[in-house]
Every structure is written in C-alpha cells, then in structure tokens.
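A.B. asks:
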Amino acid sequence: MAQMKESNMPNAHLHELFVDELKDILGAERQLLTGLKKMANAASSEKLRGAFEVHYGQTEGQIERLKSIFSSLGLAPRGKKCKAMEGLLAEAEEIIEDYQDSPEVIDAALIVAAQKVEHYEIASYGSLATFADLMEHAEAQELLGQTLAEEKETDVLLTELAMSRANKPSNA
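Yeah, the sequence shown ends on 163 if you go by this note's numbering, and it's all consecutive.
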C-alpha cells in the first residue's frame, strides 16, 4: 500500500527521507521521556518541575501522533536511536551532575539543556511538516503541525521561566 502511494505522490523523491526522519524523531521522543523524568527530579523550582512534567505528558501525545502518521502511511511505527537526542540528554545528565548541589544554578542549567532539546525538535518537526506538505500527506502535515506548535510553546514557556526566575540576578 505504501509503495502504491509513494509512486503516485508529488515529490516522491522525499519519501524515504521523510520516513527515516519520522523514525528518528519517534526514537528521540521515546528517549526524551526518560530525560524529562531526570530533569524534573533535578529541578529545584516547582514551576520548572511542573513544566517538565507537563511536557512529559505532551511527549506521550506526540508519540501517539507519530504512530498515527506511520499508520496512515501503511508502515509499522518503528523508531531508531536518535544520536542527536542521545547527545543532548547526555549533556543534560552532565549538567545535573555538575550543578545538583547548586540550587541557584541548576534550574538555569536545566533550562539551557531543555531548550537545546526543544530547538532540535522544532527543527525536526518543521522539516517533517514541510515534507508532508510537499508530498500532500494532509493528515501527517496536520499532526506534525500540532506537535510543532507544542514544541514552540514549550520553548516560550522555558524562556519565560528563565527570565522570571532562573536567570534573575541574586541581588534582585
């Protein structure tokens, strides 16, 4: 079924890349679930901890959307290990180790790590939504667009937390 769709779709030359990137981001989101738990546990502020917990729930929903996209393409939802997410989460773990005894710094450090993850996800979902549009995968485009909007909202929230709390001068 996917082969038939592939031969008739516009911009079919992007199909293999699209599927490969879907596998990559599915793997990344699954890896992120573990990372979000660790970051939530390491946060000193309740607001930041809550933001990580909310994003954990969003990530579970994003994984379900990705599964729907695979299904709409007639493919099994198989992820692959995302080397970029692996590196970003290793960096987050290093930050936790380095700053766990500095409550005045840990939240700012965690926000930096989390925003690096968000920017990776924004780039991935933006590209995937564009590919879906070019290949006229309307359902995939809509679902990817929803996730892209959530990732952008999370990035804005992290910036607001940084500016209102984590990055405030200690003499303020």
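Note that CB positions come from ideal geometry on N, CA and C, so glycine has one too.
The structure displayed is predicted, hence computed values, not measured ones.
1. Is histidine 6 helix, strand or coil when you go by DSSP?
2. Check this for me: beta carbons of tyrosine 111 and threonine 138, under 7 Å apart or not?
3. Can the beta-carbon of tyrosine 31 be found less than 7 Å from the beta-carbon of glutamate 44?
4. By Cβ distance below 6 Å, which residues in the same chain neighbour alanine 100 in space, the five residues on each side in sequence not counted?
5. Apart from the five residues just before and just after tyrosine 47, which ones in its own chain have a Cβ nearer than 6 Å to its Cβ?
C.D. replies: Working from what's here:
1. It is helical.
2. In this structure, threonine 138 does not lie closer than 7 Å to tyrosine 111 by Cβ.
3. In the sequence on display, residue 31 carries alanine and not tyrosine. In this structure, the beta-carbon distance from alanine 31 to glutamate 44 falls below 7 Å.
4. Ile86 and Tyr90, listed in sequence order.
5. In its chain, beyond the 5 residues on either side, Leu27 have a beta carbon closer than 6 Å to the beta carbon of tyrosine 47.
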